[in-house]
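Trainee: Take 5 as the starting number for the sequence shown in my numbering and just add one per residue.
Ideal Cβ positions, reconstructed from N, Cα and C, are used throughout, including at glycine.
Remember, it's a predicted structure, so these values are computed and weren't measured experimentally.
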Amino acid sequence: MNLYINIALGVVLIAAVAGIAALMMQTRAANHTSASKPKPEVPTPTADVPPEELVGFLIMEDGTHHVVDTDAYLIGRHSSNDLIIRDPSVSRQHAEIHRRPDGTFRITDLDSMNGLFVQKKQLKHAVLKGGELVDLGDISCRFEVQKKADIVSGDGTVVLSANPANAESP
């Protein structure tokens, strides 16, 4: 009789663990599909703009903008990164964005635990031209590219707006 109780408890425990795992996978998938919000209009760079005149930046879910201002822009939890994201789903060094000579940017997953998703697809690396949804663990952001002239005021101050036409000078 005692053996049957132990077997029944084992089966219940296995079912509970499987149910929790399925729920966690469903929640993660839902986070990746529900994170996309309608994006405001942002002009795309034109082919006649020299690549050095283009600026890349990340727009976080809370609306903050982070300019990709180095040739190798590191993203992760560790304090040595260019963009520090304090979230347990983000690895210490999660991803890196490289500025390319043609004016595009390349993002690379640095063997993170929770992966790099671009446009809802898990990738090791991707070329970013502007407008892409980027997920780092559970954190979603959007990568954009604008002409330097649209975001730098006369005194050299960076003025970022999701729509450069609405940017205010300080």
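What's the C-alpha gap between Val-122 and His-70?
Mentor: For the purposes of this step, residue 122 is taken as residue 118 along the sequence shown, with counting starting at 1. For the purposes of this step, residue 70 is taken as residue 66 along the sequence shown, with counting starting at 1. When rounded, the distance between both Cα atoms is 18 Å.
Trainee: Leaving aside the five residues before and after Val-138 along the sequence, list all residues of the same chain whose C-beta is less than 6 Å from its C-beta, in chain order.
Mentor: Stepping through the sequence shown from its first residue, residue 138 is reached at position 134. The answer, listed in chain order, is Val-122, Cys-145 and Phe-147.
Trainee: Quick one: is Ala-169 buried, meaning 16 or more other Cβ sit within 10 Å of its Cβ, or exposed?
Mentor: Within the sequence shown, numbered from 1, the residue matching residue 169 stands at position 165. Its pLDDT being 38, under 50, Ala-169 is placed unreliably by the model, and the measurement read from it follows with that caveat. Per the 10 Å Cβ criterion, exposed.
Trainee: Could you tell me how far apart the beta carbons of Leu-62 and Gly-107 are, in whole angstroms, since I believe they sit closer than 8 Å?
Mentor: Along the sequence shown, one-based indexing puts residue 62 at 58. Along the sequence shown, one-based indexing puts residue 107 at 103. Not a contact, Cβ separation roughly 17 Å.
Trainee: Please decide whether Gln-97 counts as near chain D, where near means a Cβ-Cβ distance under 8 Å.
Mentor: Given the protein chain composition of this structure (a single chain), no chain D is represented.
Trainee: Does Lys-98 pass the burial test, meaning 16 or more other C-beta atoms within 10 Å, or should it be called exposed?
Mentor: Translated into positions along the sequence shown, residue 98 becomes position 94. Here residue 98 is His; the residue named in the question, Lys, does not match the sequence. When all chains shown are included, His-98 counts as buried.
Trainee: Let me know the secondary structure DSSP gives Ile-11 once reduced to three states.
Mentor: Here residue 11 refers to the residue found at position 7 when the sequence shown is read from its first residue. Ile-11 falls in the helix class under three-state DSSP.
Trainee: Quick one: what does DSSP say Glu-65 is sitting in, helix, strand or coil?
Mentor: To locate residue 65, count along the sequence shown from 1; it is residue 61. Reduced to three states, the DSSP call for Glu-65 is coil.
Trainee: Between Ser-95 and the rest of its own chain, which residues show a CB-CB distance below 6 Å, the 5 nearest in sequence each way excluded?
Mentor: Along the sequence shown, read from residue 1 onward, the residue named residue 95 stands at position 91. Around Ser-95: Gly-80, Ser-116 and Met-117.
Trainee: Where does Asn-167 land, buried or exposed, given buried means 16+ other C-beta within 10 angstroms?
Mentor: For the purposes of this step, residue 167 is identified with residue 163 of the sequence shown, where counting begins at 1. Legend: pLDDT at Asn-167 = 41, less than 50; position of this residue unreliable, value from coordinates given subsequently. Burial call: exposed.
Trainee: Go through its chain and collect everything with a Cβ distance to Leu-127's Cβ below 8 Å, but skip five positions before and after it.
Mentor: Counting from 1 along the sequence shown, the entry for residue 127 is found at position 123. Hits under 8 Å: Asp-113, Leu-120 and Phe-121.
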